[in-house]
Amino acid sequence: MTKIYNFLYIEDEDSMIDTMKSSVKLLNRTSDQENTFEMTVAKNSDDALKYLDKNIFDFVLIDIKLKGGDSGDIIIDKIKEDYKIPCAILSGTPIISDTNFIKTYIKSNYENEEVLNDMASMVNSGLFTVIGEHGIIESSLKKLFWENYYKNIDHWIDIRNSLNEEEMKQLVLRYTISHLYELLGSESDQYEAIEMFINPNITLDGIKTGTILEELESETQYIVLSPPCDLAIRDGKPKNEFIILVEIDKYNDYIPTGGPISKTLKGKIKTLITNNHSDNLYWLSNYFEIFNGGFVNFRKIKTESFERLSNDKIYKKLIKLQDSFVKSLLSKFSIYYNRQGQPDFDFEKVTDEIANKFVGSES
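Letter 165 of the sequence shown, counting from 1, is numbered 165 in full-length UniProt numbering, and no numbers are missing.
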């Protein structure tokens with residue numbers, strides 16, 4: 001089935017525009033080509049911003065260096081602030097820009113057809129079906145707003161009158177997230193490793209159960225395993241001043257490096273990552289370049305003060321474990337330390353001894 005991709009091309013050189021038009025025509029008339037492209041051209045940032053406000057685009061290609069001091073950075077900043085659209089820089093020369101994670105194509109290194117198909121692959125990644133401008137989440141939030149929040153606004157006002165601002169914010173967040181969670185048709189039997197963590201740019205305010213930190217002086221990494229109730233902040237401090245940290249061992253502490261990848265080695269790795277190697281280890285995946293992964297070692301425990309953990313010169317917060325995995329980790333942690341069971345006593349004898357010592361003679 002042919003899919004049409006509408007894209008905005010921001011370029012002020014007529015020759016470049018003509019070349020892109022030719023590339024679009026070539027792709028569109030290729031008999032076995034599944035992707036069809038429709039292009040809108042803007043020659044300056046003002047026109048580009050107007051098009052973005054009035055039209056729906058699948059992706060945007062931007063020339064950073066426009067004439068008259070104009071810059072494609074203006075459009076990129078606007079897209080990052082207000083939209084969720086794949087975009088890329090198509091430049092004639094290598095440039096240094098504050099575009100951060102925006103992909104850059106150097107025109108001399110890529111054919112236009114390759115760039116267009118790359119952008120189509122981004123659109124088809126599945127991300128934008130869920131989180132795009134007209135994705136599942138956006139449409140669900142609009143429906144929730146009109147059919148629940150706004151429809152029952154008087155009730156929400158009554159609730160607000162009994163709560164402070166922070167309590168109300170947390171209530172609305174919980175209520176909204178619970179509705180979004182219902183979008184999941186069922187629990188997945190299998191997770192991707194990327195799901196193990198929450199993006200640190202969003203979640204690293206404060207210290208939470210599952211927060212992974214690095215002690216800067218020793219370069220040792222730990223995960224916070226104090227229960228959430230102990231970390232609840234009251235008057236700027238948690239309920240429990242001392243927080244439980246468990247050390248994270250590196251992969252190569254258990255997996256030999258430099259040798260051949262044998263069937264035996266793969267079997268050992270599988271045993272490790274399925275948490276069947278040892279009762280005291282729990283596998284953590286890597287997360288891009290932010291965290292290299294490892295094994296939580298329940299035998300290596302220490303406590304640290306909230307004050308020291310909150311000091312960025314002593315500890316660096318790296319990432320946070322997703323709540324489903326936090327529960328799994330805490331469960332195994334508890335089982336490990338409860339595995340021997342409670343020692344048995346002659347409870348009747350001990351009861352009499354305590355009563356006689358601390359209460360007095362029998363009546």
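Don't be surprised by glycine CBs; every beta carbon is placed ideally from N, CA and C.
Here's the rule I'm using: 16 or more other beta-carbon atoms within 10 Å means buried, otherwise exposed. How should residue i be labelled?
| i | result |
| --- | --- |
| C87 | buried |
| residue 446 | Here the chain has residues from 1 to 363 only, and residue 446 is not among them. |
| T209 | buried |
| Q221 | buried |
| E166 | exposed |
| I243 | buried |
| E348 | exposed |
| L61 | buried |
| L183 | exposed |
| G258 | exposed |
| G294 | buried |
| L180 | exposed |
| E304 | buried |
| L216 | exposed |
Once you ignore the five residues that flank residue i on each side, which residues in its own chain have a CB closer than 6 Å to its CB?
| i | result |
| --- | --- |
| K357 | none |
| A193 | S285 |
| residue 364 | Given that the chain is displayed from residue 1 to residue 363, the structure contains no residue 364 and the question cannot be resolved. |
| L329 | Y282 |
| I17 | E11, V41 |
| D14 | none |
| E289 | none |
For residue i, which residues from the same chain have a beta carbon less than 8 Å from its beta carbon, with the 5 sequence-adjacent residues on both sides left out?
| i | result |
| --- | --- |
| N292 | K250, Y251, N286 |
| L49 | I74, I75, K78 |
| I255 | L265, K268, I269, L272 |
| L163 | L171 |
| T19 | N112 |
| S108 | G92 |
| D352 | none |
Here's a check: name, in chain order, each residue in its chain whose Cβ is nearer than 7 Å to the Cβ of residue i, leaving out the five neighbours to either side.
| i | result |
| --- | --- |
| residue 364 | Residue numbering for the chain in the displayed model covers 1 to 363; residue 364 lies beyond these limits and cannot be assessed. |
| P238 | D230, L231, A232, F306 |
| N240 | S226, D230 |
| T271 | H277 |
| I102 | I76, C87, A88, I89 |
| T2 | E34, T36 |
| I4 | T36, E38 |
| E51 | Reading the sequence as shown, one finds Tyr at residue 51 and not Glu. Excluding positions up to five away in sequence, the list reads L8, T40, A42. |
Mind checking whether residue i and residue j have CB atoms under 7 Å apart?
| i | j | result |
| --- | --- | --- |
| L8 | T40 | yes |
| F128 | G135 | yes |
| F37 | M119 | no |
| I75 | S121 | no |
| F298 | F333 | yes |
| S23 | E114 | no |
| D279 | Y336 | yes |
| E214 | K313 | no |
| R160 | M168 | yes |
| K84 | G132 | yes |
| N6 | F57 | yes |
Under a three-way DSSP split, which group does residue i fall into?
| i | result |
| --- | --- |
| N148 | helix |
| E247 | strand |
| G294 | strand |
| A120 | helix |
| L329 | helix |
| E304 | strand |
| N161 | helix |
| residue 364 | It is not possible to answer for residue 364, since the shown part of the chain is limited to 1 through 363. |
| D98 | Bear in mind that the predicted position of D98 carries a pLDDT of just 47, short of 50, making it too unreliable to give a figure here. |
| T40 | strand |
| L183 | coil |
| I85 | coil |
| Y110 | coil |
| S45 | helix |
| F7 | strand |
| T351 | helix |
Residue i bridges to which residues according to DSSP?
| i | result |
| --- | --- |
| K316 | E214 |
| S71 | K65 |
| Q221 | E214 |
| W283 | F295 |
| K237 | R234 |
| T257 | Bridge partners of T257: none, in fact. |
| F242 | S305 |
| L173 | Beta-bridge pairing links L173 to no other residue. |
| residue 386 | For residue 386 there is no data in the structure shown, the boundaries of the chain being 1 and 363. |
| F59 | F7 |
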